[in-house]
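In this note's numbering, the protein residues as written are 36 to 296.
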């Protein structure tokens with residue numbers, strides 16, 4: 036449930052709300068939205084930039100209140116406004132947009148008079164094109180479907196290769212749009228990955244596949260786990276560094292919810 040700012044300011048201390056909400060904050064005539072995230076583990080109010088969520092997130096401790104959260108956000112309205120302006124502009128995957136595919140820039144072009152779905156056009160000395168057939172309004176969805184299919188295919192191949200090296204089995208591999216982790220591995224052998232890995236250089240995608248498959252032997256991040264990962268991918272350090280420096284930029288692509296109105 037969303038609460039208007041006036042109501043939030045008039046609420047006295049209450050039990051921590053069960054789900055995320057949005058606060059409204061004003062600064063220099065600009066109305067901004069801040070995601071309120073209750074946390075039973077938090078000890079104080081904190082504000083953080085979440086590029087993956089395209090938002091400023093205010094974490095509220097269990098003993099906090101909606102009124103105190105609103106007061107905290109209002110106090111830092113200038114900081115919030117400054118950080119929101121620094122968030123990268125989203126790339127909605129429309130014709131004319133440029134996106135990285137395997138870490139290499141491709142420009143999206145619309146081919147309405149051609150049969151097919153999505154394909155790559157190469158030209159010597161030029162920027163590769165991601166060509167999309169069909170109606171204009173279907174371009175973003177078709178591009179996203181293509182990226183998800185490509186991510187699934189390449190991650191399945193990489194994960195299967197690493198699993199064969201370790202002699203372990205895998206079950207289902209899911210492709211999602213996660214904001215907190217690039218991948219995960221369950222105790223039963225189900226793997227999950229972010230489709231956005233198809234936008235990164237191939238050595239990054241390979242590293243994430245190795246990382247999650249290694250959890251089939253070590254369900255932790257101990258020294259033994261990292262030894263398994265390095266066995267699968269001796270160049271893991273380069274991939275870790277790339278993700279640290281550039282990983283957040285991958286969240287620009289695809290439809291995102293902006294935090295201003």
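Beta carbons: idealized from backbone N, C-alpha and C, even for Gly. Bear in mind the structure is a predicted one, so any value in this text is a computation, not a measurement.
Exposed unless 16 or more other CB atoms sit within 10 angstroms - verdict on residue i
{"i": "residue 276", "result": "exposed"}
{"i": "residue 218", "result": "buried"}
{"i": "residue 274", "result": "buried"}
{"i": "residue 147", "result": "exposed"}
{"i": "residue 104", "result": "buried"}
{"i": "residue 157", "result": "exposed"}
{"i": "residue 258", "result": "exposed"}
{"i": "residue 89", "result": "buried"}
{"i": "residue 298", "result": "No information on residue 298 is available, as it lies outside the stretch 36 to 296 that the chain covers here."}
{"i": "residue 149", "result": "exposed"}
{"i": "residue 108", "result": "buried"}
Three-way DSSP call (helix, strand, coil) for residue i in this model
{"i": "residue 181", "result": "helix"}
{"i": "residue 205", "result": "coil"}
{"i": "residue 252", "result": "coil"}
{"i": "residue 141", "result": "strand"}
{"i": "residue 135", "result": "strand"}
{"i": "residue 288", "result": "strand"}
{"i": "residue 200", "result": "helix"}
{"i": "residue 120", "result": "helix"}
{"i": "residue 282", "result": "helix"}
Between the CA atoms of residue j and residue i - distance to the nearest angstrom
{"i": "residue 56", "j": "residue 118", "result": "20 Å"}
{"i": "residue 71", "j": "residue 206", "result": "36 Å"}
{"i": "residue 194", "j": "residue 255", "result": "18 Å"}
{"i": "residue 270", "j": "residue 242", "result": "8 Å"}
{"i": "residue 155", "j": "residue 267", "result": "30 Å"}
{"i": "residue 230", "j": "residue 94", "result": "27 Å"}
{"i": "residue 260", "j": "residue 200", "result": "15 Å"}
{"i": "residue 68", "j": "residue 112", "result": "10 Å"}
{"i": "residue 2", "j": "residue 222", "result": "The structure shown does not extend to residue 2, since the chain spans only 36 to 296, so no value can be given for it."}
{"i": "residue 162", "j": "residue 136", "result": "12 Å"}
{"i": "residue 237", "j": "residue 185", "result": "12 Å"}
{"i": "residue 59", "j": "residue 66", "result": "7 Å"}
{"i": "residue 75", "j": "residue 265", "result": "36 Å"}
{"i": "residue 47", "j": "residue 100", "result": "Any reading at residue 47 must be qualified, since the residue scores a pLDDT of 36, below 50, and its modelled position is unreliable; no value is offered."}
{"i": "residue 83", "j": "residue 253", "result": "32 Å"}
{"i": "residue 138", "j": "residue 92", "result": "29 Å"}
{"i": "residue 140", "j": "residue 62", "result": "37 Å"}
{"i": "residue 188", "j": "residue 106", "result": "48 Å"}
{"i": "residue 98", "j": "residue 81", "result": "14 Å"}
According to DSSP, residues forming a beta bridge with residue i
{"i": "residue 228", "result": "210, 218"}
{"i": "residue 59", "result": "68"}
{"i": "residue 94", "result": "72, 81"}
{"i": "residue 168", "result": "146"}
{"i": "residue 155", "result": "165"}
{"i": "residue 239", "result": "BP columns for residue 239 are empty, so no partner."}
{"i": "residue 126", "result": "288"}
Cβ distance (whole Å) where residue i is taken to contact residue j below 8 Å
{"i": "residue 125", "j": "residue 284", "result": "Contact doesn't hold; Cβ gap of about 11 Å is too wide."}
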